[in-house]
Structures are given as structure tokens and as C-alpha cells.
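**Q**
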Amino acid sequence: MSSDSNIKLYTTQTPNGIKISITLEELGLKYETTKIEFSKNTQKEPWFLEINPNGRVPALTDTFTDGKEIRLFESGSIMQYLVQRYGRPG
Numbered sequence: 001m002s003s004d005s006n007i008k009l010y011t012t013q014t015p016n017g018i019k020i021s022i023t024l025e026e027l028g029l030k031y032e033t034t035k036i037e038f039s040k041n042t043q044k045e046p047w048f049l050e051i052n053p054n055g056r057v058p059a060l061t062d063t064f065t066d067g068k069e070i071r072l073f074e075s076g077s078i079m080q081y082l083v084q085r086y087g088r089p090g
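Once you know that position 2 of the sequence shown is 2 in full-length UniProt numbering, the rest is easy, because the numbers rise by one and skip nothing.
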């Protein structure tokens, strides 16, 4: 488990997006949020489709200390990743 994080959350005010924010807060992780605006079709822009080819929120990136980045989407997968990587033993 690592305590270093460089997490960016791409979301909007939907239940699936909110539960990722709750998970991040409960784990005490620092993160940046980028609001995805459905009214502007932001989720279909090329830069976002590189993160999530499905063009849906939430999505999350985490950049490791070696500069490599992981891109995640689907709320269940994101929460599982966060708990496995940053969760505290129990």
C-alpha cells in the first residue's frame, strides 16, 4: 500500500460520481476534481475519451512516482483500486 497519491477525479453530481468522492475522503486522500459538464458534452471530447473510451463518468487517473499513469473508469473498479492501493490494514 502506498500513501503517495497524485489522483485526478473526473466527475459530475451523479450517485456514481459522488460515491468516488466519498471513498477518497474516507481514505484521507488528496485529489483534484475536474467537473464534467454533460450540457457541454465534455464527456465526448477527445481528451476525456483518452481517459475513458466509453465517454462516461466517473473516471480517475493516478500518476505514480515513476511518472506512469493508470486510468480507471466504472465506479466499482475505481473504489476497489483505491481501497486496495491506499486502504489501511484492518
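Note that CB positions come from ideal geometry on N, CA and C, so glycine has one too.
Is it a yes or a no for the region 50–57 touching the region 69–80, going by three-plus beta-carbon pairs under 8 Å?
**A** Yes: the two stretches touch, three or more of their Cβ pairs being nearer than 8 Å.
**Q** Does the beta-carbon distance from residue 60 to residue 33 come in below 8 Å?
**A** No.
**Q** Once DSSP output is grouped into helix, strand and coil, what is the label at residue 11?
**A** Of the three classes helix, strand and coil, the one that applies to residue 11 here is strand, per DSSP.
**Q** From this set, 14, 13, 22, 16, which residue's C-alpha is nearest residue 31's C-alpha?
**A** For the residues 14, 13, 22, 16, the minimum Cα distance to residue 31 belongs to 22.
**Q** Ignoring anything shorter than 3 residues, give me the beta strand (DSSP E) runs that lie fully in the UniProt domain "GST N-terminal" (4–90), in order along the chain.
**A** Complete beta strand (DSSP E) runs here, min 3: 7–11, 31–35, 59–63, 69–73.
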